[in-house]
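Asker:
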Ligand code: ATP
Ligand code: MG
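In the numbering used here, the protein residues as written are 186 to 666.
1) Can you tell me which of the three DSSP states residue 432 falls into?
2) I believe residue 453 touches residue 433 by the beta-carbon criterion, under 8 Å. Please report the beta-carbon distance rounded to the nearest angstrom.
3) Short of 7 Å in beta carbon distance, which residues of its chain neighbour residue 588, apart from the five on each side in sequence? Order them along the chain.
4) Can you give me the Cβ contacts of residue 541 inside the same chain, cut-off strictly under 6 Å, excluding the 5 residues immediately before and after it?
5) So, do the segment 478-492 and the segment 411-421 have three or more beta carbon pairs nearer to each other than 8 Å?
6) Which residues bound the beta strand (DSSP E) around residue 652?
7) Can you look up residue 516 in the DSSP assignment and give me helix, strand or coil?
8) Going by DSSP, what residue range makes up the alpha helix (DSSP H) through residue 404?
9) Whole angstroms is fine: what's the gap from residue 663's alpha carbon to residue 456's?
10) When we look at the beta-carbon of residue 626 and count the other beta-carbons within 10 Å, is it buried (16 or more) or exposed?
11) How long is the line joining the alpha carbons of residue 341 and residue 334, rounded to whole angstroms?
12) Would the C-beta of residue 392 count as close to the ligand MG, meaning under 8 Å from any of its heavy atoms?
13) Check residue 254 in the structure and name its three-state DSSP category.
14) Does the separation of the CB atoms of residue 551 and residue 644 fall below 9 Å?
15) Near the ligand MG, which residues have their beta-carbon less than 7 Å from any of its heavy atoms, given in chain order?
16) Assign residue 501 to one of three DSSP states: helix, strand, or coil.
17) Here's the rule I'm using: 16 or more other beta-carbon atoms within 10 Å means buried, otherwise exposed. How should residue 441 be labelled?
18) Let me know if residue 606 comes out buried or exposed under the rule of 16 or more other beta-carbons within 10 Å of its beta-carbon.
19) Between residue 544 and the ligand ATP, is the CB less than 8 Å from at least one heavy atom?
20) Applying the criterion that 16 or more other CB atoms from any shown protein chain within 10 Å of the CB defines a buried residue, is residue 275 buried or exposed?
21) Ignoring anything shorter than 3 residues or poking outside the segment 245-306, list the beta strand (DSSP E) runs there in chain order.
22) Any heavy atom of the ligand ATP closer than 8 Å to the beta-carbon of residue 460?
23) Spatial neighbours of residue 315 within its chain, please: CB distance less than 8 Å, with the 5 preceding and 5 following residues excluded, ordered by chain position.
24) Please state the DSSP three-state secondary structure of residue 526.
25) Quick one: what does DSSP say residue 458 is sitting in, helix, strand or coil?
26) Inspect the beta-carbon positions of residue 666 and residue 294 and report whether they are closer than 9 Å.
27) Tell me where the alpha helix (DSSP H) around residue 412 begins and ends.
28) Decide if residue 533 is buried, meaning its Cβ has at least 16 other Cβ atoms within 10 Å, or exposed.
29) Below 8 Å on the Cβ atoms is my guess for residue 397 versus residue 378; work out the distance and round it to an integer in Å.
30) Which runs of the alpha helix (DSSP H) at least 4 residues long sit entirely within the segment 336-405? Give them in chain order.
31) For residue 460 and residue 597, I'd like the C-alpha separation in whole angstroms.
32) In angstroms with no decimal places, state the Cα-to-Cα distance between residue 474 and residue 622.
33) Quick one: any contact between the segment 315-330 and the segment 504-517, if contact means 3 or more CB pairs under 8 Å?
34) Helix, strand or coil, according to DSSP, for residue 242 in the structure here?
35) Give the range of the beta strand (DSSP E) segment to which residue 472 is assigned.
36) Mark residue 329 as exposed unless 16 or more other C-beta atoms lie within 10 angstroms of its C-beta, in which case mark it buried.
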């Protein structure tokens, strides 16, 4: 507890610096950390005043933070900087602050569920990737300046992995006794990727260091590999549907990864850097890169094509034996003979999905999250200190206890805005900007008998007055990833 006390006094630019790794009470996850939790009512509560986050930066402060006021920013980047979700470190690199990490961890949990539902097995490969692997596929040269290269003390060359086809294929090839009976293998990881992008921009949408979920699949025949391809595409559709994000799956170019078939998952939105052609008469849609520029009609039904812009959030490739033949990734087939694995690779831009979701769902001034990913589900706003309603402060405490008892699934999801020197209106404005799905206020009607709390349901835009029991009933339907 000494560490908490000492850290608690270290002031940062924004607020008090909370927990560091040495705070074992916080890390345990069961005992509330003294620093983050205040007593109100019977239990300990997670309080906003101790959160590490800058708030309400003005537009000009946001621009000067980025240090390049000439550069256009987009809505998600501006909002994420403004409320302290991210902080710039160097061009295309950001510190992810606590709220973002919570949302990111939730997104990874949902991705894990979808990948494991189709038989995915999670691995974790080094970011430091030896040049020899890349020379074998000729991508050491082909990738050009995008590859971040370095040398170790012995002069051996490496790159920081922008993707892992080489590494995973060499790994599978090293397993000498694979049988067709064990296939398919669906191996995936969620790790940082590094690309020296010519134009890093739009915050987490195009970074030089970002999180990607990359899956690589190994099958014993082309038919089996095509089935696996559809299975993974199905899992991607399920993921975006669960997040409530409108997406289109488009025919795509194979680029430097190679292979014979490819699709992109795109979120249609104006800041998107990809141009898509969508047929309104049938389900055909394509990245314009794959079409002849003069093409104005759908190649499938001849209907007119319309153009929209999109953010690429996922990409799937059917690779065949392009990589397995180079690294000799083999298995023993049904006749007992060695045979090359048929491969696919499948990427999801994890940090890009977070920013793209904010881009698509938010208003100009207020962040909105996919419900499953909101960093905290509930924000409680007790009355202002010294106000007429102050007597309702205890009610907030007992509501908090009541939620904790009745809804264990919301453990750690309820935050108390204890800045009671501020008016309810000011705190509501902040809560609205941060986009907690539920904001609960002890206002005038809290003093009625029975007491009523004002509940803002941010994702439906409704405001309702409920008793303590009504609040618990409403929150019992909330899904948390
Ligand atoms: P883009 O065309 O946007 O540069 P890409 O086609 O080069 O992307 P892939 O190699 O297909 O990207 O990578 C898989 C996924 O990783 C992409 O669909 C995207 O969501 C994400 N991604 C790629 N580059 C970045 C980046 N610089 N920042 C954040 N996410 C990225
Ligand atoms: Mg791509």
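Glycine included, each C-beta is placed from N, C-alpha and C at the ideal position.
The model shown is predicted, which means the values in this text are computed figures rather than measured ones.
Answerer: To lay it out plainly:
1) coil
2) 6 Å
3) Here the set comprises 595, 599, 657, 660.
4) 452, 496, 498
5) Counting Cβ pairs under 8 Å, fewer than three are found: no touch.
6) From DSSP, residue 652 is part of no beta strand (DSSP E); its letter is neither H nor E.
7) strand
8) Careful: residue 404 lies outside any alpha helix (DSSP H), inside the beta strand (DSSP E) at 394-404.
9) 31 Å
10) buried
11) The alpha-carbon separation between residue 341 and residue 334 amounts to approximately 11 Å.
12) Every heavy atom of the ligand MG is 8 Å or more from the Cβ of residue 392, so no.
13) Annotation note: pLDDT 47 at residue 254 (below 50); position unreliable, coordinate value reported separately. Coil at residue 254, not helix or strand.
14) no
15) After applying the 7 Å Cβ criterion, the set is 437, 440, 449, 497, 500, 532.
16) Residue 501 falls in the strand class under three-state DSSP.
17) By the 10 Å Cβ count, residue 441 comes out exposed.
18) exposed
19) no
20) Exposed.
21) 271-275, 278-281
22) no
23) 341, 342, 343
24) coil
25) coil
26) yes
27) Counting along the chain, the alpha helix (DSSP H) containing residue 412 begins and ends at 407-427.
28) buried
29) 5 Å
30) 350-358
31) Spanning the two alpha carbons is a distance of roughly 41 Å.
32) 38 Å
33) yes
34) coil
35) 470-472
36) Looking at its Cβ environment, which holds fewer than 16 other Cβ atoms inside 10 Å, residue 329 is exposed.
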